[in-house]
Amino acid sequence: MRANWYSWLGLELAKRGVTVSMPWGGMPEPDKCRERVWKAFVRNDMLKGVSGEEEENVVVVGHSTGGDLALRLAEELKLRGLVICSAGQLSEELRDEMSEEESKDIGYYDRPWEWAKIKGNTQWIVHVHSKDDDVVPVTEAKIFQGSLQTEYTELDGHGHLLMGEFPLLLSKILCKLGFNRCAPK
Numbered sequence: 019m020r021a022n023w024y025s026w027l028g029l030e031l032a033k034r035g036v037t038v039s040m041p042w043g044g045m046p047e048p049d050k051c052r053e054r055v056w057k058a059f060v061r062n063d064m065l066k067g068v069s070g071e072e073e074e075n076v077v078v079v080g081h082s083t084g085g086d087l088a089l090r091l092a093e094e095l096k097l098r099g100l101v102i103c104s105a106g107q108l109s110e111e112l113r114d115e116m117s118e119e120e121s122k123d124i125g126y127y128d129r130p131w132e133w134a135k136i137k138g139n140t141q142w143i144v145h146v147h148s149k150d151d152d153v154v155p156v157t158e159a160k161i162f163q164g165s166l167q168t169e170y171t172e173l174d175g176h177g178h179l180l181m182g183e184f185p186l187l188l189s190k191i192l193c194k195l196g197f198n199r200c201a202p203k
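In this note's numbering, the protein residues as written are 19 to 203.
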């Protein structure tokens, strides 16, 4: 779990007194990203003991397929907020490389998104994508943005958002949590 900005973000939030539950050892089966496996892991391990009113204080942060997982969780759970980065259906080239069985096994895209439930179950949604993402096309991000009216930030030159640190995202989360003033949109 030392790749990308995930650990950095978790540590930065923890430094500010935010309780952080994240997969420090990594997600199970990271090469498969299956919804049923990841959802069970989040519910049974990361959110263990959290229920009812406590869920309404949870912010789920997800990158790539983790963003899709965050959205599927928000269809079922009342959450304080969602942070989705580089989320959406894979590029056509990557989908073409998968077998039909692999594609169905992933799970996230085999049914329509429940936009009204996601919006109704979250107080806010921060959404970041880069124009030059070669894994999840920006057109996918715009579908999410249009359907959810997310607080959308489109970057340029950051690809699939795999940088080691992500100060912009930290700032946006801290703003939503009331730790600092929000920059104008």
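Virtual Cβ for every residue (Gly too), placed ideally from N, Cα, C.
Between the CA atoms of residue j and residue i - distance to the nearest angstrom
i      : j      : result
Met181 : Arg129 : 31 Å
Leu27  : Glu118 : 35 Å
Met40  : Leu31  : 12 Å
Gly67  : Lys160 : 35 Å
Residue i (DSSP reduced to helix, strand or coil)
i      : result
Arg98  : strand
Gln107 : coil
Glu132 : coil
Tyr127 : coil
Val79  : strand
Ser189 : helix
Proximity below 7 Å, CB of residue i to CB of residue j
i      : j      : result
Lys135 : Glu93  : yes
Asp151 : Ser82  : no
Tyr127 : Gln107 : yes
Val78  : Leu65  : no
Beta-carbon contacts of residue i that lie in its chain and below 6 Å, excluding the five residues immediately before and after
i     : result
Asn22 : Leu180
Glu47 : Val55
Distance between beta carbons of residue j and residue i, contact taken as under 8 Å
i      : j      : result
Leu87  : Trp133 : The Cβ separation is near 16 Å, so there is no contact.
Ile143 : Ile191 : The Cβ separation is near 12 Å, so there is no contact.
Val156 : Glu172 : 7 Å
Glu15  : Lys57  : Since the first residue shown for the chain is 19 and the last is 203, residue 15 is missing from the structure and cannot be characterised.
Asn75  : Arg98  : 5 Å
Contact set for residue i: own chain, Cβ-Cβ below 7 Å, skip 5 residues either direction
i     : result
Arg52 : Asp123, Ile124 and Gly125
Met19 : Its pLDDT being 39, under 50, Met19 is placed unreliably by the model, and the measurement read from it follows with that caveat. The answer, listed in chain order, is Ser25, Pro41, Trp42, Gly43 and Gly44.
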